[in-house]
Amino acid sequence: NKAGLWGWRSDKSEIVNGHECKVFSASNVELITKTRFEHLSESEKNQAKAARTPLQSLLGIGEQQEDNCYAAASCEVTIPQTSNPSKITAEEYFDSNVELNGRDIGRPKEVNTKIQKFRATLWLSEDYPLSLQEQIMPIVDLMAISSTHFAKLKDFIQMQLPSGFPVKI
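The opening position of the sequence shown corresponds to residue 378 in this note's numbering, with each subsequent residue numbered one higher.
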């Protein structure tokens with residue numbers, strides 16, 4: 378973020394809990410999550426589609442759901458009797474000259490796409506006593522082994538963020 382008058386602009390900084398912080402804004406951020414459901418029972422599918430993550434509930438992030446089926450004919454979710462309804466042979470599947478037209482080996486894919494759109498503001502402090510990479514990341518690494526939420530947090534932290542510890546989000 379920038380602050381100041383027309384010709385005299387500079388990076389925006391604020392004091393948060395006694396720490397000098399640079400303010401960064403990110404707008405139109407989209408987090409896209411794709412989940413496959415064709416292997417689940419109907420009750421498990423309904424439960425999975427209705428579930429919201431704790432972060433979504435906490436932040437009130439809106440979500441837009443798009444159901445995509447990559448089957449050639451329709452998006453009806455029926456488990457076919459055969460394991461290869463598209464009748465594709467292994468030779469056809471691996472032959473680069475054969476046009477598959479969206480067909481795939483195995484049952485039709487049922488993919489749920491969640492698009493979460495949000496705007497974020499970060500207050501990062503260079504002189505904060507904790508270091509994100511040295512002290513927080515080892516803990517997040519351990520938690521990411523057994524939790525998908527921490528795995529996503531780990532991926533977010535490892536992005537190219539500006540230097541400093543996030544004092545306020």
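Glycine residues also receive a C-beta, built at the ideal position from the N, C-alpha and C atoms.
Nearest to P543 by alpha carbon, out of F401, D388 and K389? As a first step, residue 543 is located in the sequence shown; it is residue number 166 there, counting from the start. Looking at the Cα atoms, F401 is the closest of the given residues.
Relative to the alpha-carbon of D388, which residue among K545, P539 and I546 has its alpha-carbon at the smallest distance? In the sequence shown, counting from the first residue as 1, residue 388 sits at position 11. The shortest C-alpha separation from D388 is found at P539.
Could you pull the start and end residues of the alpha helix (DSSP H) that T525 belongs to? The count along the sequence shown starts at 1 and reaches residue 525 at position 148. Here the alpha helix (DSSP H) through T525 covers T525 to Q535.
By DSSP's criteria, N543 is part of a beta bridge. Which residues make up the other side? For this step, residue 543 is matched to residue 166 along the sequence shown. With the sequence shown as reference, residue 543 is identified as Pro, and Asn is not the correct amino acid for it. P543 pairs with L501.
With DSSP as the reference, label F401 as helix, strand or coil. In the sequence shown, the residue the question calls residue 401 occupies position 24. F401 falls in the strand class under three-state DSSP.
Meets three-Cβ-pair contact criterion under 8 Å: the region 411-422 and the region 483-493: yes
Contacting residues, own chain, Cβ-Cβ under 6 Å from V393 (five flanking each side not counted): Residue 393 sits at position 16 when you count from the first residue of the sequence shown. So the qualifying residues of the chain are W500, V544 and K545.
Residues bridged to S390 by DSSP? For the purposes of this step, residue 390 is identified with residue 13 of the sequence shown, where counting begins at 1. Beta-bridge pairing links S390 to K399.
Residues in the same chain with beta-carbon distance under 7 Å from K555, minus the five sequence neighbours each way, listed in chain order, please. The question about residue 555 has no answer, for the chain in this structure spans 378 to 546.
L408 and Q493 closer than 7 Å at C-beta: Looking up residue 408 in the sequence shown gives position 31. Looking up residue 493 in the sequence shown gives position 116. Yes.
Spatial distance of R496 from F533 (CA atoms): As a first step, residue 496 must be located in the sequence shown, where it is residue number 119. As a first step, residue 533 must be located in the sequence shown, where it is residue number 156. R496 and F533: Cα-Cα distance of roughly 15 Å.
Can you grab the Cα-Cα spacing for the pair E419 / R484, in whole Å? For the purposes of this step, residue 419 is taken as the residue at position 42 of the sequence shown. For the purposes of this step, residue 484 is taken as the residue at position 107 of the sequence shown. Distance between the alpha carbons of E419 and R484 is about 16 Å.
List the residues that DSSP assigns as beta-bridge partners of F495. Working through the sequence shown from its first residue, we reach residue 495 at position 118. BP columns for F495 point to V406.
Where S463 falls, given that 16 or more other Cβ within 10 Å makes a residue buried: In the sequence shown, residue 463 corresponds to position 86, counting from 1. Buried, since its Cβ has 16 or more Cβ neighbours within 10 Å.
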